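S.K.: So the sequence shown is numbered by the numbering used here: it starts at 164 and just counts up by one.
All residues carry an ideal CB built from backbone N, CA and C; glycine is no exception.
What you are looking at is a predicted structure, and each value in this text was computed from that prediction instead of being measured.
There's a structure below that I have some questions on.
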Amino acid sequence: MFYTSFTQIVPKSLRAFLRDRDTAFQKLITSYDNLKLEHENLKLFYQKLEPENQYLYFENKVEKIPDAMNKKALEYDFKKGRIVIESILSSSKEELINRDFLLEKIKDYGCPYQGWSLYSPYQQYVNASDYGSIQIPTELVDFLIYCIHKKPLSFLEVGVMYGGFSALCCAVLSKFNNNFKYTCVDIEDNFRDWEYFSSILPLEKAIPATSADFIGSEFDVVYIDADHSYHGMKRDFLNVGRYGKVCAFHDINAAEYDHLDGGTRRCWNELKLSYCQSASILEISHIAEEWMGIGIIDFNK
């Protein structure tokens, strides 16, 4: 009865249009389900591959160099990294405060190979392996020089990953304060060449740990580069950042984390507005696109 009424009221051409749209929609759903199933099958397939034989892009993970090549490159970059750190320790304060000199040391030390397009202007800094400091080199040198002028006694880094930034930063700043201590905090221990670097540098490891393990502790400099969600970065600041004389944040321009409740950009924008009247706010940003960047809240002005 309903169908008869429908055919009498709705023209045949419109009924055909609706039928075709419905058919197309059903095909689209079927295609999506098939693609989803294929995605899951591929995921299972790649998970079964031996990690030492195959590295692929998957779910936004960076493609890694085949293991045989990466192993040799890592060995080379490890040795090179040691040489650079030792050369920094043997350099004079006058040399290290010179931006050109220090930038050359950062170039020798190197940034990890990642294949990121926004690293294009910094190809001379890129290592053949994934060893190094994941920073924009010119942003890093300006941050280090800023810290040198502060001559910190204590430094807390939250989120050290492989420790490339940690070793370099510790080597430079330890030259300007004989009692300097650098504390590394992370939830996983992936610090490369720890035994060697901790034997020549005033490094202290608090791994596994989080900023909550140091809540309320005072440091001359706190560097936050861990959980890049809005809430993760905010809680690191509330736990330790606001108690530091200087609190710095990495990735203040990182739009790729916006989906994490606003990510690092939302957190940084809120904090700088909150403290701009009571503290000095500085932004070190050398990339036109929305990427990386170092934000500083200097509570000592």
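Going by DSSP, name the residue or residues bridged to Y345.
M.R.: Per DSSP, F318 and L366.
S.K.: Closest to A442 by CA distance: which of L366, V409, S392 and F382 is it?
M.R.: Measuring from the Cα of A442, the nearest candidate turns out to be V409.
S.K.: Kindly confirm or deny that the stretch 282-294 and the stretch 247-257 touch, where touching means at least three C-beta pairs closer than 8 Å.
M.R.: Counting Cβ pairs under 8 Å, fewer than three are found: no touch.
S.K.: Roughly how many angstroms lie between the CA atoms of C310 and W454, to the nearest whole one?
M.R.: Looking at the two C-alpha atoms, the distance is approximately 22 Å.
S.K.: Classify Y276 as helix, strand or coil using the three-state DSSP reduction.
M.R.: Three-state DSSP puts Y276 in coil, outside helix and strand.
S.K.: When the Cα atoms are used, what is the spatial distance from Y272 to S296?
M.R.: C-alpha separation (whole angstroms): 8 Å.
S.K.: Label K397 either buried or exposed according to how many other C-beta atoms from any shown protein chain fall within 10 Å of its C-beta, with 16 as the threshold for buried.
M.R.: It is buried - the Cβ of K397 has at least 16 other Cβ atoms within 10 Å.
S.K.: According to DSSP, is A330 helix, strand or coil?
M.R.: Looking at A330 - three-state DSSP - the assignment turns out to be helix.
S.K.: What first and last residue would you give for the beta strand (DSSP E) that runs through F412?
M.R.: Where F412 is concerned, the enclosing beta strand (DSSP E) stretches over V409 to H413.
S.K.: May I ask which residues mark the beginning and end of the alpha helix (DSSP H) holding Y393?
M.R.: Residues Y393 to N402.
S.K.: Near L307, which residues of its chain fall below 7 Å by C-beta distance, leaving aside the five closest residues on each side in sequence?
M.R.: Excluding residues within five positions, the ones whose Cβ falls inside 7 Å are L265, C332 and V335.
S.K.: Using the C-alpha atoms, what's the distance from D356 back to S362?
M.R.: When rounded, the distance between both Cα atoms is 10 Å.
S.K.: With a 10 Å radius around its C-beta and 16 neighbouring C-beta atoms as the bar for buried, classify I459 as buried or exposed.
M.R.: Answer is buried; the Cβ neighbour count reaches 16.
S.K.: Assuming R429 contacts Y386 under a Cβ cut-off of 8 Å, what Cβ separation, rounded to an integer in Å, is found between them?
M.R.: About 19 Å separates the two Cβ atoms, so there is no contact after all.
S.K.: Can you grab the Cα-Cα spacing for the pair D388 / A231, in whole Å?
M.R.: Going by the C-alpha atoms only, they are around 30 Å apart.
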